[in-house]
Amino acid sequence: MDFTGKQAVITGGANGIGRCIAEYFLKANAYVTIIDTDYEAGMDLVRKQPKDSVLAFIEGDITDSDIIDTYVSTRVYEPTHFVINNACISRKGLLSNCTREDFDYVQRVGVTAPYYLVSSLVKANALAEGASIVNIVSTRANQSQADTESYSAAKGGILALTHAMSISLAGKARVNAISPGWIDVADYHHSNRTPANHSKQDKTQHPVGRVGKPEDIAEIVMFLCDNSRAGFITGENIVIDGGMSKLMVYHGDRGWNYRNST
Numbered sequence: 009m010d011f012t013g014k015q016a017v018i019t020g021g022a023n024g025i026g027r028c029i030a031e032y033f034l035k036a037n038a039y040v041t042i043i044d045t046d047y048e049a050g051m052d053l054v055r056k057q058p059k060d061s062v063l064a065f066i067e068g069d070i071t072d073s074d075i076i077d078t079y080v081s082t083r084v085y086e087p088t089h090f091v092i093n094n095a096c097i098s099r100k101g102l103l104s105n106c107t108r109e110d111f112d113y114v115q116r117v118g119v120t121a122p123y124y125l126v127s128s129l130v131k132a133n134a135l136a137e138g139a140s141i142v143n144i145v146s147t148r149a150n151q152s153q154a155d156t157e158s159y160s161a162a163k164g165g166i167l168a169l170t171h172a173m174s175i176s177l178a179g180k181a182r183v184n185a186i187s188p189g190w191i192d193v194a195d196y197h198h199s200n201r202t203p204a205n206h207s208k209q210d211k212t213q214h215p216v217g218r219v220g221k222p223e224d225i226a227e228i229v230m231f232l233c234d235n236s237r238a239g240f241i242t243g244e245n246i247v248i249d250g251g252m253s254k255l256m257v258y259h260g261d262r263g264w265n266y267r268n269s270t
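Here the numbering used here runs 8 ahead of the position in the sequence shown, where the first position is 1.
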């Protein structure tokens, strides 16, 4: 993959899946800007790059329109070819008494900010012809655990935003989504967390027999951003969860047994 001379912006790019995606773009010789609230992680990623890599870090909260305006107005390289809307958080939900303010904040991170970033680039005529926008969604847009309303709503929102933008930007940019399932991000945290010790059950609940890795997501991001391979794909959502959301599990199946906690 060679993206020499092309610019990518990744929100939430200092840790986890976003960090892995940033590293993939850097390996493809793209100019990369990450936007993240974690200053230490962002600078750690910058310091670890070879001298010939081009990586810019903007510290800030993407719910603050000034942070996005800073990127749009101060890009070192233009135009922007790849927009990866990755940042999101959870403030739980009904069972944790998630407040209106907390719920609203999660939607601003997960839906409003991605919309504002793309719309700002369009208004500034700073989105490249043939650009690729990839929104990182989640399987939680379609299935849930209890107490996940804030996050699930945000992921449902950006999933809908994906197909809407793909129509509005038809002929200008392709817009797609990726819905990761269980992804172990320990290897992509600057704090060098100890990798999780996945149980047999953790692995076998996935038809592929393992928990996901950030690389599983980054590989598809790169594919979607390559017009020569994915130029006929827009408005789509690709689920990358090892088949977990397709597997029906009953009591006694695949080593799983129902335990009533009450």
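Even for Gly, the Cβ is constructed at its ideal location relative to N, Cα and C.
Excluding the 5 residues flanking residue i on each side, which residues of the same chain have their C-beta closer than 8 Å to its C-beta?
{"i": "L169", "result": "V119, P122, Y123 and N143"}
{"i": "N94", "result": "I18, T19, G20, G21, I25, G26, I29 and I144"}
Per DSSP, which residues does residue i bridge with? Please list them.
{"i": "G44", "result": "Here residue 44 turns out to be Asp, not Gly, going by the sequence shown. DSSP lists E67 as partners of D44."}
{"i": "G220", "result": "I191"}
{"i": "S140", "result": "F90 and R182"}
{"i": "Y39", "result": "Q15"}
{"i": "N245", "result": "A185"}
{"i": "L135", "result": "T88"}
Alpha carbon to alpha carbon, how far is residue i from residue j?
{"i": "P222", "j": "S81", "result": "30 Å"}
{"i": "R182", "j": "R148", "result": "23 Å"}
{"i": "G68", "j": "I191", "result": "25 Å"}
{"i": "D77", "j": "S128", "result": "7 Å"}
{"i": "M252", "j": "G220", "result": "10 Å"}
{"i": "P215", "j": "W264", "result": "14 Å"}
{"i": "K208", "j": "D195", "result": "20 Å"}
{"i": "T45", "j": "T107", "result": "22 Å"}
{"i": "S176", "j": "N245", "result": "17 Å"}
{"i": "Q151", "j": "G179", "result": "33 Å"}
{"i": "Q213", "j": "D261", "result": "10 Å"}
Contact check, residue i vs residue j under 8 Å by CB: the rounded distance?
{"i": "G189", "j": "G250", "result": "6 Å"}
{"i": "I92", "j": "I29", "result": "6 Å"}
{"i": "K14", "j": "Y39", "result": "7 Å"}
{"i": "S158", "j": "S98", "result": "6 Å"}
{"i": "M173", "j": "I141", "result": "7 Å"}
{"i": "S187", "j": "I228", "result": "Contact flag wrong, Cβ pair sits at about 10 Å."}
Measure from the C-beta of residue i to each C-beta in chain D and report whether the shortest distance is under 9 Å.
{"i": "D46", "result": "Of the protein chains in the structure, only one exists, and it is not chain D."}
For residue i, which residues from the same chain have a beta carbon less than 6 Å from its beta carbon, with the 5 sequence-adjacent residues on both sides left out?
{"i": "H301", "result": "The requested residue 301 does not occur in the structure, where the chain is confined to residues 9 to 270."}
{"i": "G217", "result": "K211"}
{"i": "L125", "result": "I76"}
{"i": "M230", "result": "M9 and Y32"}
{"i": "T71", "result": "R116, V117 and A121"}
{"i": "H89", "result": "K14, Q15, A136 and A139"}
{"i": "E61", "result": "Strictly speaking, residue 61 in this sequence is Ser, with Glu absent from that position. Here the set comprises L34."}
Excluding the 5 residues flanking residue i on each side, which residues of the same chain have their C-beta closer than 7 Å to its C-beta?
{"i": "L232", "result": "S140, V142, N184, A238 and I241"}
{"i": "A154", "result": "L103"}
{"i": "V114", "result": "I97, S98, R99, S158, Y159 and A162"}
Stretch-stretch touch, CB-based, cutoff 8 Å, three pairs: the stretch 90-108 with the stretch 49-64 | The stretch 90-108 makes no contact with the stretch 49-64, as fewer than three CB pairs between them are under 8 Å.
Would you say the stretch 156-166 touches the stretch 239-258, given that touching needs at least three Cβ pairs under 8 Å?
-> Segment contact: the stretch 156-166 against the stretch 239-258, fewer than three CB-CB distances shorter than 8 Å; contact not assigned.
Between the stretch 202-219 and the stretch 128-136, are three or more C-beta pairs nearer than 8 Å?
-> With the cut-off at 8 Å, the stretch 202-219 and the stretch 128-136 do not touch.
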